[in-house]
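Residue numbers (this note's numbering): 76 to 357.
Structure record follows, encoded as structure tokens.
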Ligand SMILES: C[S@@+](CC[C@H](N)C(=O)[O-])C[C@H]1O[C@@H](n2cnc3c(N)ncnc32)[C@H](O)[C@@H]1O
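Here it is, written out as structure tokens:
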């Protein structure tokens, strides 16, 4: 991809996380945190942050995972949290600064391109924050440089749509009402960009990582009320992106909302998902 095309993708992600998805995540932060809490259990079991360790967290979002990691590394540990989104960082600060953790730094930056400390961390960690880079190999090379020789990279990404009925089902309903999305390359930056394990392995290998493992893990997400499930379907994931893209008129939106409510009300609960737990050594 040419340099101007990469810059265009980066600018689009900056806009998205500062002006579209970021404010949306903030507005629904409590619900999203409840929804994704089961992911932290799996992620932290794989990453095992230990007292006194230095951690680089990519895409801290509203800081839920950050808080869990701080509890593990204790007051002797250090955590640098990097996120591109000013509104999400503001929310993270409101949550985390009252903890008065001496080793916490939160920084607004593009983790793909902005400077990071070299050979400074025992663990580079992310919950769903590494699928949005214009050039993932560039980003992961830098994460590798940020790790100490005996360090580790551990992150969670989403598996494919077919393994994520909590997204697939609302997406089918949204497509039936709004039409198909504009085709985009399957690996374009976005929540599903890393859903092919072979592609993730290839990126990490090209970035110089070793001992790479990508483990699919089925789990149950935190469940919302029916109202909350409908809100999530209309605003997040592939169905939310389609609503954002098509910007339906109020009557169409209302029809879609009704159809979502009926379908999700009939569906088996709780919401089932599959994530990929990715591990690698520098
Ligand atoms: C799907 S959200 C996940 C947030 C949080 N980790 C969680 O699980 O709740 C993705 C996060 O990555 C951040 N992000 C996206 N691209 C980024 C980049 N290039 N550099 C730093 N952060 C980025 C977004 O602002 C957002 O907070």
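All C-beta atoms, glycine included, are put in the ideal place defined by N, C-alpha and C.
_Below 7 Å, is the gap between the Cβ of residue 76 and the nearest heavy atom of ligand 1?_
Your numbering for residue 76 matches position 1 in the chain shown. Residue 76: no, Cβ never under 7 Å from ligand 1.
*Along the chain, where does the beta strand (DSSP E) that runs through residue 95 open and close?*
By one-based count along the chain shown, residue 95 stands at place 20. From DSSP, residue 95 is part of no beta strand (DSSP E); its letter is neither H nor E.
*Start and end of the beta strand (DSSP E) containing residue 230?*
Indexing the chain shown from 1 puts residue 230 at position 155. Per DSSP, residue 230 belongs to the beta strand (DSSP E) from 222 to 233.
*Less than 8 Å separating the beta-carbons of residue 138 and residue 171?*
The count along the chain shown starts at 1 and reaches residue 138 at position 63. The count along the chain shown starts at 1 and reaches residue 171 at position 96. Taking 8 Å as the Cβ cut-off, residue 138 and residue 171 qualify as a contacting pair.
_residue 318 in three-state terms, based on DSSP_ = Working through the chain shown from its first residue, we reach residue 318 at position 243. Reduced to three states, the DSSP call for residue 318 is helix.
*Determine the closest residue to residue 263 out of 284, 275, 84, 79, with distance taken between C-alpha atoms.*
The sequence position of residue 263 within the chain shown is 188, counting from 1. Here the closest residue by C-alpha is 84.
_With a threshold of 7 Å (Cβ to nearest heavy atom), would residue 239 be considered close to ligand 1?_
The residue labelled residue 239 in the question sits at position 164 within the chain shown. Here the distance from the Cβ of residue 239 to the nearest heavy atom of ligand 1 is not below 7 Å.
*Within the chosen definition, does the segment 264 to 283 reach the segment 197 to 215 through at least 3 CB pairs nearer than 8 Å?*
A contact exists between the segment 264 to 283 and the segment 197 to 215.
*If you draw a straight line from the alpha carbon of residue 220 to that of residue 194, how long is it in whole angstroms?*
Here the question's residue 220 lines up with position 145 in the chain shown. Here the question's residue 194 lines up with position 119 in the chain shown. Cα-Cα distance, rounded: 6 Å.
*Is the shortest distance between the beta-carbon of residue 97 and the beta-carbons of chain B less than 8 Å?*
The displayed structure is made up of one protein chain only, and chain B is not part of it.
*Any idea what DSSP makes of residue 312, helix, strand or coil?*
Sequence index remark: in the chain shown, residue 312 carries index 237 (1-based). Three-state result, residue 312: helix.
*asked:* Closer than 7 Å to a non-hydrogen atom of ligand 1 - does that hold for the CB of residue 332?
replied: Looking up residue 332 in the chain shown gives position 257. False, no ligand heavy atom lies under 7 Å from that Cβ.
*At least three beta-carbon pairs within less than 8 Å, the segment 126 to 133 to the segment 143 to 161*: yes
*Please list, in chain order, all residues with a C-beta atom less than 5 Å from at least one heavy atom of ligand 1.*
92, 134, 136, 158, 159, 160, 163, 185, 186, 187, 202, 203, 204, 207
*If I'm right that residue 124 touches residue 198 with Cβ under 8 Å, what's the distance once you round it to whole angstroms?*
Locating residue 124 in the chain shown gives position 49, where the first residue counts as 1. Locating residue 198 in the chain shown gives position 123, where the first residue counts as 1. Rounded to whole angstroms, the Cβ separation of residue 124 and residue 198 is 6 Å, and the two are in contact under 8 Å.
*Using a Cβ-Cβ cut-off of 7 Å (strictly less than) and excluding sequence neighbours within five positions of residue 356, which residues of its own chain qualify?*
On the chain shown, position 281 is the one that residue 356 refers to. Taken in chain order, the residues that qualify are 227, 284, 285, 286.
*asked:* My parser needs the beta strand (DSSP E) runs of 3 or more residues fully inside the segment 224 to 309; what are they?
replied: 285 to 295
*Could you pull the start and end residues of the alpha helix (DSSP H) that residue 116 belongs to?*
By 1-based counting over the chain shown, the position of residue 116 is 41. In the DSSP assignment, residue 116 falls within the alpha helix (DSSP H) that extends over 104 to 122.
*Rounded to whole angstroms, how far is the Cβ of residue 141 from the Cβ of residue 167, which I believe are closer than 8 Å?*
To locate residue 141, count along the chain shown from 1; it is residue 66. To locate residue 167, count along the chain shown from 1; it is residue 92. A Cβ-Cβ distance of about 6 Å is found for the pair residue 141 and residue 167, placing them in contact under the 8 Å criterion.
*For residue 104 and residue 244, believed in contact at Cβ under 8 Å, the rounded distance*: On the chain shown, position 169 is the one that residue 244 refers to. On the chain shown, position 29 is the one that residue 104 refers to. Cβ atoms of residue 244 and residue 104 stay farther apart than 8 Å, at about 24 Å.
_DSSP bridge partner residues for residue 130 (one or two, in chain order)_ = Translated into the one-based positions of the chain shown, residue 130 becomes position 55. DSSP output for residue 130 lists 154, 198 as bridge partner(s).
*Decide yes or no for the touch test of the segment 321 to 328 against the segment 264 to 273: beta carbon pairs closer than 8 Å, at least 3 of them.*
no
*asked:* From the DSSP secondary-structure annotation, give me the bridge partner or partners of residue 142.
replied: Here the question's residue 142 lines up with position 67 in the chain shown. According to DSSP, which records beta bridges pairwise, residue 142 is partnered with nothing at all.
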